[in-house]
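Take 53 as the starting number for the sequence shown in my numbering and just add one per residue. Even glycine gets a Cβ: it sits at the ideal position worked out from N, Cα and C. Every value quoted in this text rests on a predicted model; they were computed, and no experiment measured them.
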Amino acid sequence: MYPFWQNDTKTPKVDDGSSSEIKLAIPVFFFGVPYRTVYVNNNGVVSFNVLVSQFTPESFPLTDGRAFIAPFWADVHNGIRGEIYYRETMDPVILKRATKDIRKYFKDMATFSATWVFIVTWEEVTFYGGSSTTPVNTFQAVLVSDGSYTFTLFNYYEINWTTGTASGGDPLTGLGGVMAQAGFNGGNLTNFFSLPGSRTPDIVNIQETTNVNVPGRWAFKVDGKEIDPANGCTSRGQFLRRGEVFWDDLNCTIKCRCLDFNNEIYCQDASCSPYEVCEPKGRFFYCSPVETSTCVVFGEPHYHTFDGFLFHFQGSCAYLLARQCLQTSSLPFFSVEAKNEHRGGSAVSWVKELSVEVNGYKILIPKGSYGKVKVNDLVASLPITLELGAVKIYQSGMSTAVETDFGLLVTFDGQHYASISIPGSYINSTCGLCGNYNKNPLDDFLRPDGRPAMSVLDLGESWRVYHAEWKCDSGCVDNPGRGRELAGLPRRVEVRLGLRGQLHSV
Numbered sequence: 053m054y055p056f057w058q059n060d061t062k063t064p065k066v067d068d069g070s071s072s073e074i075k076l077a078i079p080v081f082f083f084g085v086p087y088r089t090v091y092v093n094n095n096g097v098v099s100f101n102v103l104v105s106q107f108t109p110e111s112f113p114l115t116d117g118r119a120f121i122a123p124f125w126a127d128v129h130n131g132i133r134g135e136i137y138y139r140e141t142m143d144p145v146i147l148k149r150a151t152k153d154i155r156k157y158f159k160d161m162a163t164f165s166a167t168w169v170f171i172v173t174w175e176e177v178t179f180y181g182g183s184s185t186t187p188v189n190t191f192q193a194v195l196v197s198d199g200s201y202t203f204t205l206f207n208y209y210e211i212n213w214t215t216g217t218a219s220g221g222d223p224l225t226g227l228g229g230v231m232a233q234a235g236f237n238g239g240n241l242t243n244f245f246s247l248p249g250s251r252t253p254d255i256v257n258i259q260e261t262t263n264v265n266v267p268g269r270w271a272f273k274v275d276g277k278e279i280d281p282a283n284g285c286t287s288r289g290q291f292l293r294r295g296e297v298f299w300d301d302l303n304c305t306i307k308c309r310c311l312d313f314n315n316e317i318y319c320q321d322a323s324c325s326p327y328e329v330c331e332p333k334g335r336f337f338y339c340s341p342v343e344t345s346t347c348v349v350f351g352e353p354h355y356h357t358f359d360g361f362l363f364h365f366q367g368s369c370a371y372l373l374a375r376q377c378l379q380t381s382s383l384p385f386f387s388v389e390a391k392n393e394h395r396g397g398s399a400v401s402w403v404k405e406l407s408v409e410v411n412g413y414k415i416l417i418p419k420g421s422y423g424k425v426k427v428n429d430l431v432a433s434l435p436i437t438l439e440l441g442a443v444k445i446y447q448s449g450m451s452t453a454v455e456t457d458f459g460l461l462v463t464f465d466g467q468h469y470a471s472i473s474i475p476g477s478y479i480n481s482t483c484g485l486c487g488n489y490n491k492n493p494l495d496d497f498l499r500p501d502g503r504p505a506m507s508v509l510d511l512g513e514s515w516r517v518y519h520a521e522w523k524c525d526s527g528c529v530d531n532p533g534r535g536r537e538l539a540g541l542p543r544r545v546e547v548r549l550g551l552r553g554q555l556h557s558v
């Protein structure tokens, strides 16, 4: 949050109220139009030339000519609780900070130098129909300009409610009904932009989202014909993360991607896979999996593959559980590895830690972890958002969860239960102890070289990942009469491989 309160002006404590007209020291460009006056409106809006008293938000675009910036358009009642501050400033300290932020978030603005900043802060405001004890929100809009270029920062410190009672919200929680809208409206059909989650229950979590890798902060260049978000693309008034894929037509025949390096969108002819279906989402279309499958490692330990095959293996080394293994595939890469350990003796082993590699990050979930993980060898507290939301790490009950935007979900309870869920788009594309996900459980006993394993020990050792510092054993036991039982060789595999003459006793 930028500094506020001291030397600020407050808006009246009036339901649906606004400031008086504020004449700006310089023209501010918004959607290509210069404006010299603004209003600070209690209901989460900074408007140009006209005030906005409307308390129930509408979906953008609005075509009534009203141009405004909406960090959180909802039915605020500062007469019940909270304050709304605003300040136009040319303080050198603030200008220096704003200049630094803009240069950091917009790499092509290396010479930008702020000459003017306008800060609006909603501090601990509650909703219409609430009380002195109902939830509060604190958020901020910061306009930055050098006289030519205009930028807007949204800072979300605390968001707990979305809706006033006159818009259908609950009188105790401020949730439900017609929920808050965040973004920019130019007053016509073409000039608009909505932040993800607007007018949905997800908007209450906006303080956990970002486009600048700072949870709760969003940055935009707003002076051009369309909103230019930092670190992403815009199409049809929606934000797209770098690398995000969508389809541009209702039959999903034109596949588009927000490019990683220049915030531009590239499209080509491409359709959904046989295991996906074309579905609308927001203003775009997406190829969604028609199924998902889950591999589970549990107990001491038992392995249940993507295709439903169950086996038991007591090795205490590190093992590849699942990975995207087709080098020619356009599917996002991921890899999940488990390190096992003996507990209470050498006869059985348990998962000690889980390692997930995705989007260039290595995420380590250790035994006994609750609320903390390692990301690229640095300890971090949950929740964590990476790659502008492409990867999320959070606590789910007693388990730590790693979730991606392409459908991967990995969980580990820090003791004895781990799971890996993947969408149907990965059919025939995985390898590891979790199998190849081809809907055939009878070939889940394959080694990396494609040959059937001679035993469970052979299978485990074939998918072992070597770490010099990790002291371990293969899970073999001294008593040959019990070797097959302790290795957990499944009966159906024993029969199948035995008929082929490839099964040998451990």
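Residues sharing a beta bridge with residue i, DSSP
i	result
Lys414	Glu409
Asp321	Ile306
Arg335	DSSP, once it has assigned bridges, lists no residue as partnering Arg335.
Gly284	Arg293
Tyr355	Val349, Phe363
Trp57	Note: Trp57 sits in no beta bridge, so no partner.
Arg516	Tyr371
Asn207	Gln192, Arg269
Val388	Ala374, Val408
Integer-rounded CB distance, given that residue j should sit under 8 Å from residue i
i	j	result
Arg269	Gly284	The pair is not a contact, with the Cβ atoms about 13 Å apart (cut-off 8 Å).
Thr202	Val80	5 Å
Pro280	Phe272	The question names Pro, but residue 280 is Asp in the sequence shown. Going by Cβ atoms, the distance from Asp280 to Phe272 rounds to 7 Å, so yes, they are a contact pair.
Leu438	Tyr413	6 Å
Gly466	Gly420	5 Å
Gly181	Ala218	7 Å
Trp168	Ile136	Contact doesn't hold; Cβ gap of about 21 Å is too wide.
Leu241	Pro113	6 Å
Arg375	Cys483	6 Å
Thr63	Leu76	With a Cβ gap of about 17 Å, Thr63 and Leu76 do not count as contacting.
Thr286	Gly441	So it is not a contact: roughly 16 Å between Cβ atoms.
Phe107	Asp68	5 Å
Buried versus exposed, by CB contacts within 10 Å (16 or more), residue i
i	result
Ser70	buried
Arg552	With a pLDDT of 27 at Arg552, under the threshold of 50, the modelled position of this residue cannot be trusted; read the value that follows with caution. Exposed is the call here.
Leu494	exposed
Phe244	buried
Lys404	buried
Cys319	exposed
Asp496	buried
Thr61	exposed
Glu537	Confidence is the limiting factor: at Glu537 the pLDDT is only 34, short of 50, which leaves the residue's position unreliable and the question unanswerable from this model.
Thr151	buried
His129	buried
Asp530	With a pLDDT of 38 at Asp530, under the threshold of 50, the modelled position of that residue is not reliable, and no figure is offered here.
Trp299	buried
Tyr54	buried
Lys148	exposed
Gln58	exposed
Gly117	exposed
Gln379	exposed
Thr204	buried
Leu311	exposed
Val196	buried
Beta-carbon gap between residue i and residue j smaller than 8 Å
i	j	result
Gln259	Tyr208	yes
Thr214	Gly199	no
Ser451	Phe464	yes
Val177	Tyr138	no
Asp127	Gly216	yes
Gly512	Phe361	no
Gln125	Ala193	The amino acid occupying residue 125 in the given sequence is Trp; Gln does not appear at that position. Their beta carbons are not under 8 Å apart, which means Trp125 does not touch Ala193 by this criterion.
Pro86	Phe191	no
His394	Ser401	yes
Leu416	Val425	yes
Tyr327	Trp515	no
Ala282	Phe158	yes
Val188	Pro109	no
Ala390	Ala453	no
Leu485	Tyr355	yes
Val98	Val172	yes
Ser246	Gly289	yes
Ser481	Cys324	no
Pro475	Pro341	yes
Curious, which full-length beta strand (DSSP E) runs of at least 3 residues does the stretch 87-127 contain?
As summarised for the stretch 87-127, the continuous beta strand (DSSP E) elements at least 3 residues long and confined to that stretch are 97-100, 119-125, given in chain order.
Uninterrupted beta strand (DSSP E) stretches inside the stretch 230-274 (no shorter than 3 residues)
You should have 233-237, 244-246, 269-273.
Start-end ranges of the alpha helix (DSSP H) lying completely within the stretch 132-186, minimum 4 residues:
Within the stretch 132-186, the complete alpha helix (DSSP H) runs of at least 4 residues fall at 144-157.
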